[in-house]
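Student: Take a look at this one; I'll ask things after.
Number of protein chains: 2
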Amino acid sequence: MTRTAPITIRDVAREAGVSLATVSRALNDGAYVTKETRERVRSAADQLGYLPHIGARSLITKRTDTLGVLLPDLYGEFFSELIRGIDRTAQRYHFHLLLASSHSDAREIAAAVGSMRGRVDGFIVMSPDTAAFAALSTLARSYPALVLGGSQDLGAFASISVANFDGALAMMRHLTSLGHRDIAFLCGPDGNAEAADRLRGARAGASEMQAVSLRELSGDFRQDSGYAATRLLLRSPTLPDAIFCANDAMAVGAIAALNEAGVSVPEELAVVGFDDIPIARYLSPPLTTIRVPIAELGERAAERLIKALQDVVPLEAHREVAMTSLVVRASCGATVRAPIRRTVP
Amino acid sequence: MTRTAPITIRDVAREAGVSLATVSRALNDGAYVTKETRERVRSAADQLGYLPHIGARSLITKRTDTLGVLLPDLYGEFFSELIRGIDRTAQRYHFHLLLASSHSDAREIAAAVGSMRGRVDGFIVMSPDTAAFAALSTLARSYPALVLGGSQDLGAFASISVANFDGALAMMRHLTSLGHRDIAFLCGPDGNAEAADRLRGARAGASEMQAVSLRELSGDFRQDSGYAATRLLLRSPTLPDAIFCANDAMAVGAIAALNEAGVSVPEELAVVGFDDIPIARYLSPPLTTIRVPIAELGERAAERLIKALQDVVPLEAHREVAMTSLVVRASCGATVRAPIRRTVP
DNA sequence: GGAAATTATGAAAACGTTTACAGGGTTGTT
DNA sequence: AACAACCCTGTAAACGTTTTCATAATTTCC
Chain A
32 MTRTAPITIR DVAREAGVSL ATVSRALNDG AYVTKETRER VRSAADQLGY LPHIGARSLI
92 TKRTDTLGVL LPDLYGEFFS ELIRGIDRTA QRYHFHLLLA SSHSDAREIA AAVGSMRGRV
152 DGFIVMSPDT AAFAALSTLA RSYPALVLGG SQDLGAFASI SVANFDGALA MMRHLTSLGH
212 RDIAFLCGPD GNAEAADRLR GARAGASEMQ AVSLRELSGD FRQDSGYAAT RLLLRSPTLP
272 DAIFCANDAM AVGAIAALNE AGVSVPEELA VVGFDDIPIA RYLSPPLTTI RVPIAELGER
332 AAERLIKALQ DVVPLEAHRE VAMTSLVVRA SCGATVRAPI RRTVP
Chain B
32 MTRTAPITIR DVAREAGVSL ATVSRALNDG AYVTKETRER VRSAADQLGY LPHIGARSLI
92 TKRTDTLGVL LPDLYGEFFS ELIRGIDRTA QRYHFHLLLA SSHSDAREIA AAVGSMRGRV
152 DGFIVMSPDT AAFAALSTLA RSYPALVLGG SQDLGAFASI SVANFDGALA MMRHLTSLGH
212 RDIAFLCGPD GNAEAADRLR GARAGASEMQ AVSLRELSGD FRQDSGYAAT RLLLRSPTLP
272 DAIFCANDAM AVGAIAALNE AGVSVPEELA VVGFDDIPIA RYLSPPLTTI RVPIAELGER
332 AAERLIKALQ DVVPLEAHRE VAMTSLVVRA SCGATVRAPI RRTVP
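Protein chains in written order, with the numbering used here: chain A, 32 to 376; chain B, 32 to 376.
Okay, here's the thing in structure tokens:
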């Protein structure tokens with residue numbers, strides 16, 4: 032495993048018997064270069080295995096063709112779907128992804144942003160919690176940035192978010208239309224803007240009807256917290272009619288806890304989620320949920336940012352909201368015994 | 032959103048009234064700099080919001096403090112757990128992650144590697160399928176690289192892999208010990224080395240006992256293929272005693288198909304998986320599976336690579352194998368009705 | 001057949017850092 | 001008092017590219 036010294040443009044120039052400038056031209060734009068010399072340069076480059084040093088290039092071109100992606104502590108399928116979407120688009124435009132996940136507080140975000148200076152052309156920042164948000168303002172001054180999710184006043188930022196309020200409201204209407212009145216809501220983590228919006232939506236839905244009550248339980252978007260909260264619920268004097276989980280992962284935990292306790296879903300108790308992660312349709316029973324186009328969100332974010340970087344479409348500081356839709360499966364009690372393929376073709 | 036010109040070391044030098052070299056020294060190592068001047072430089076840098084341009088720095092230091100991560104098309108929780116592990120360690124050592132996912136064939140991998148030259152100090156490459164493997168040999172010549180997974184002859188590479196064969200064998204022994212004889216095996220994708228090893232392990236387990244038969248069904252590690260394969264199985268004249276899925280995601284699909292068809296798991300048919308993704312314990316019934324320490328795998332890979340880059344521990348071209356372990360939950364029929372917390376505290 | 005336009009190439013500057021080297025100042029030692 | 005040792009700072013070279021400018025070679029046009 033001897034490591035040979037990296038080959039520079041100088042080596043290629045020598046090998047092909049031309050100047051540095053010619054090599055650069057032959058390999059890049061190609062303007063004003065004889066077909067013959069281009070060939071010679073190309074084959075020399077191939078033979079030597081030359082690959083340009085991107086750091087050096089970006090120093091002069093001011094471009095890195097790289098997107099910085101800042102994510103909070105994100106788990107499970109939501110995370111991978113989102114990355115998949117971002118990566119797919121980035122690849123299409125020949126952009127790279129510099130990833131920093133698991134950032135929670137403002138200090139960490141600021142540090143991550145700082146350490147990416149000169150490495151990236153712009154940022155995609157996922158749903159910073161309220162505290163971390165300040166760190167971003169300084170960011171926006173020097174880099175194009177796009178916020179994914181979040182619901183604060185995003186004055187200076189372009190953002191793409193999800194219709195969390197509407198989705199939660201729609202779910203509540205669906206539940207009440209099925210006759211559920213005593214509904215438990217499993218909240219997301221404190222300080223998470225999306226979680227807050229979903230809670231607001233649920234409350235709005237509850238207050239639309241007289242007889243509907245909403246019990247709010249704390250959670251953190253992880254399976255474990257859905258499990259734990261449901262265990263708690265199982266010890267209360269009366270069970271609710273339905274559990275509305277602020278995301279699907281918690282619904283997974285909730286269903287597990289109920290199964291374990293011998294409470295049948297949806298006959299005795301309905302369970303619904305939010306996100307429609309891929310696994311949702313494969314749960315037992317298949318999960319009724321609010322569909323969020325996760326991968327598309329990532330794609331759209333990457334696309335908008337890249338287009339802005341290429342001066343195709345400026346990054347206007349307005350918010351774009353992705354629609355959600357209700358996906359009815361068996362877990363809410365609406366379509367017990369329905370074949371899984373009927374609702375989700 | 033006016034974008035101000037980025038601040039260079041030159042600006043800081045002017046502001047602090049010192050030379051470039053002094054600024055560099057004051058901000059980095061700090062050798063031979065008066066406490067007073069350092070203060071002056073620091074405050075000037077802070078005030079201006081100076082952040083060094085990493086590209087320029089790496090040009091001269093030959094370091095980028097960045098790890099290139101090349102992943103195949105990876106789905107769901109396995110993906111996120113792995114990234115989480117890698118990222119956690121990278122962050123601890125102040126390294127960045129340049130991510131390229133969804134690469135399958137050799138050409139794509141080669142392109143990804145090429146486009147990362149000068150951007151990264153080394154590579155973590157996940158389980159390249161057999162065809163893509165050739166692309167890596169050229170890589171190793173110029174960069175330290177570590178292969179995660181895979182089972183080909185990795186002569187030139189340091190690698191970390193999983194005891195896939197042993198795990199599958201252990202699972203087969205467990206199944207037969209429970210009395211299962213007619214076992215269906217849901218294979219992973221063609222050309223995937225890990226999938227091949229798991230299949231070999233299953234075959235070895237089957238051939239250990241006289242009366243055991245193994246039906247092999249094709250799959251691709253995704254939930255859908257587990258669902259589809261099980262549907263197929265449901266149309267066969269006789270059901271097997273157990274379905275052994277080459278990974279947990281397919282087991283999710285399999286259980287869903289069985290539930291939908293009214294076949295009870297594990298009473299009529301056992302289902303087991305491989306990986307122990309976080310959701311496994313929350314399935315209904317909780318999934319018996321082979322535990323793979325996914326996040327730890329990522330951590331270990333990042334750690335070994337970084338240590339090698341820092342010349343602490345050389346990257347020896349030997350393979351390190353992560354142990355697997357059998358996690359018995361309810362889906363295999365061994366512990367029906369057992370509380371979930373008993374097997375997984 | 002010469003001037004003008006066009007095309008192809010090379011020399012050198014620039015990008016923002018780090019670092020080798022050198023010089024100037026202070027202190028300590030003889 | 002001279003000299004060495006040390007500490008601090010500045011100048012300039014280097015890293016590997018792209019790009020501007022100049023120039024040489026070719027073609028076009030009258």
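For each residue, glycine too, the CB sits at the ideal point set by N, CA and C.
Exposed or buried, which one is T92 (chain A) when buried takes at least 16 other CB atoms within 10 Å?
Tutor: Exposed, since its Cβ has fewer than 16 Cβ neighbours within 10 Å.
Student: Please name the residue, chosen from A:A288, A:D197, A:D342, A:L289, that lies closest to D306 (chain A) on a Cα-to-Cα basis.
Tutor: Ranking A:A288, A:D197, A:D342, A:L289 by Cα distance to D306 (chain A) puts A:D197 first.
Student: Classify V43 (chain B) as helix, strand or coil using the three-state DSSP reduction.
Tutor: Of the three classes helix, strand and coil, the one that applies to V43 (chain B) here is helix, per DSSP.
Student: Would you list, in chain order, the members of the segment 286-303 of chain B that have their beta-carbon closer than 8 Å to a beta-carbon of chain A?
Tutor: Those residues of the segment 286-303 of chain B that come within reach of chain A (Cβ to Cβ, closer than 8 Å) are I286, A287, N290, E291.
Student: What separation, rounded to the nearest whole angstrom, lies between the Cα atoms of S173 (chain A) and R71 (chain B)?
Tutor: Whole-angstrom Cα-Cα distance: 24 Å.
Student: Scan the segment 242-269 of chain A and note each continuous alpha helix (DSSP H) run of 4 residues or more that stays entirely inside, going in chain order.
Tutor: You should have 254-265.
Student: Tell me where the beta strand (DSSP E) around H127 (chain A) begins and ends.
Tutor: Residues 127-131.
Student: Which class does T120 (chain A) belong to by DSSP, given the choice of helix, strand or coil?
Tutor: Reduced to three states, the DSSP call for T120 (chain A) is helix.
Student: Rounding to the nearest angstrom, what Cα-Cα distance links Q14 (chain A) and P316 (chain B) in this structure?
Tutor: Chain A is shown only over 32 to 376; residue 14 (chain A) falls outside these bounds and no answer can be derived.
Student: Quick one, which residues of the segment 105-116 of chain A are near chain B if we go by CB-CB under 9 Å, in chain order?
Tutor: Here the close residues are L105, Y106, G107, E108, F109, F110, S111, E112, I114, R115.
Student: May I have the straight-line CA-CA distance separating Y313 (chain A) from L289 (chain B), to the nearest angstrom?
Tutor: For Y313 (chain A) and L289 (chain B), the distance between alpha carbons rounds to 11 Å.
Student: Would you give the residue range spanned by the alpha helix (DSSP H) that P347 (chain A) belongs to?
Tutor: A small fix is needed here, since residue 347 (chain A) is Glu in this sequence, not Pro. Looking at the DSSP string, E347 (chain A) is not in any alpha helix (DSSP H), and its letter there is neither H nor E.
Student: Just to confirm, are A277 (chain A) and R229 (chain A) a CB contact at a threshold of 8 Å?
Tutor: The answer is yes: Cβ separation under 8 Å.
Student: Using alpha carbons as the reference points, say which of B:G99, B:Y124, B:G80, B:R41 lies closest to E334 (chain B).
Tutor: Comparing Cα positions, the closest option is B:Y124.
Student: If you draw a straight line from the alpha carbon of L245 (chain B) to that of R253 (chain B), how long is it in whole angstroms?
Tutor: Their Cα atoms are separated by approximately 21 Å.
Student: Between the segment 108-122 of chain B and the segment 134-143 of chain B, can you find at least three pairs of beta-carbon atoms closer than 8 Å?
Tutor: No, the segment 134-143 of chain B is not in contact with the segment 108-122 of chain B.
Student: Pick out whichever of B:R45, B:I40, B:G48, B:E46 has its Cα sitting closest to the Cα of N59 (chain B).
Tutor: Nearest C-alpha to N59 (chain B): B:I40.
Student: Considering just the uninterrupted stretch of the alpha helix (DSSP H) at F196 (chain A), what are its terminal residues?
Tutor: 195-208 is the extent of the alpha helix (DSSP H) around F196 (chain A).
Student: Check whether the segment 320-328 of chain B touches the segment 284-298 of chain A, taking contact to mean three or more Cβ pairs, one atom from each stretch, closer than 8 Å.
Tutor: Too few Cβ pairs lie closer than 8 Å, so no.
Student: In the structure shown, what three-state DSSP assignment does V49 (chain B) receive?
Tutor: If DSSP states are grouped into helix, strand and coil, V49 (chain B) belongs with coil.
Student: In or out: S158 (chain A) buried (at least 16 other Cβ within 10 Å) or exposed?
Tutor: So S158 (chain A) counts as buried.
Student: Take every Cβ of the segment 42-49 of chain B, pair it with every Cβ of the segment 68-83 of chain B, and state whether three or more of those distances are shorter than 8 Å.
Tutor: Taking 8 Å as the limit for Cβ pairs, the verdict is that the segment 68-83 of chain B does touch the segment 42-49 of chain B.
Student: Which residue from A:D136, A:A201, A:R56, A:S356 puts its Cα closest to that of G222 (chain A)?
Tutor: Of A:D136, A:A201, A:R56, A:S356, the residue nearest in Cα terms is A:D136.
Student: Grab me the residues of F126 (chain B)'s own chain with a C-beta within less than 7 Å of its C-beta, minus the 5 sequence neighbours each way, in chain order.
Tutor: The residues are D96, T97, L98, I337.
Student: What is the DSSP secondary structure of I274 (chain B), counted as helix, strand or coil?
Tutor: In this structure, I274 (chain B) counts as strand in the three-state DSSP scheme.
Student: Does V367 (chain A) pass the burial test, meaning 16 or more other C-beta atoms within 10 Å, or should it be called exposed?
Tutor: For V367 (chain A), the predicted model reports a pLDDT of 46, less than 50, meaning its position is unreliable; a value from the coordinates is still stated below. Looking at its Cβ environment, which holds fewer than 16 other Cβ atoms inside 10 Å, V367 (chain A) is exposed.
Student: So the candidates are A:S55, A:G80, A:Y81; which of them puts its Cα closest to the Cα of R69 (chain A)?
Tutor: Comparing Cα positions, the closest option is A:S55.
Student: Provide the residue span of the beta strand (DSSP E) that contains T2 (chain B), from first to last.
Tutor: This structure does not reach residue 2 (chain B), given that chain B is present from 32 up to 376, and the question cannot be answered.
Student: Please list the partners that I310 (chain B) has in chain A, where partner means a Cβ-to-Cβ separation under 7 Å.
Tutor: What I310 (chain B) touches in chain A: Q254, V283, I310.
Student: Relative to the alpha-carbon of S356 (chain A), which residue among A:L79, A:S208, A:G304, A:I310 has its alpha-carbon at the smallest distance?
Tutor: Answer by Cα proximity: A:G304.
Student: So which residues of chain A does R148 (chain B) contact, with C-beta pairs closer than 8 Å?
Tutor: In chain order: P37, L82, P83, H84, I85.
Student: Applying the 10 Å Cβ sphere with the 16-neighbour rule, what's the burial state of E225 (chain B)?
Tutor: Classification of E225 (chain B): buried, given that the 10 Å Cβ count is 16 or more.
Student: Taking DSSP as the reference, what is the three-state secondary structure of S295 (chain B)?
Tutor: Looking at S295 (chain B) - three-state DSSP - the assignment turns out to be coil, as it is neither helix nor strand.
Student: Tell me where the alpha helix (DSSP H) around S238 (chain A) begins and ends.
Tutor: First-last of the alpha helix (DSSP H) with S238 (chain A): 224-239.
Student: Rounded to the nearest angstrom, what separates H205 (chain B) and V302 (chain A) at their Cα positions?
Tutor: Rounded to the nearest angstrom, the two C-alpha atoms are 34 Å apart.
Student: So what does DSSP say about V302 (chain A), is it helix, strand or coil?
Tutor: Three-state DSSP puts V302 (chain A) in a strand.
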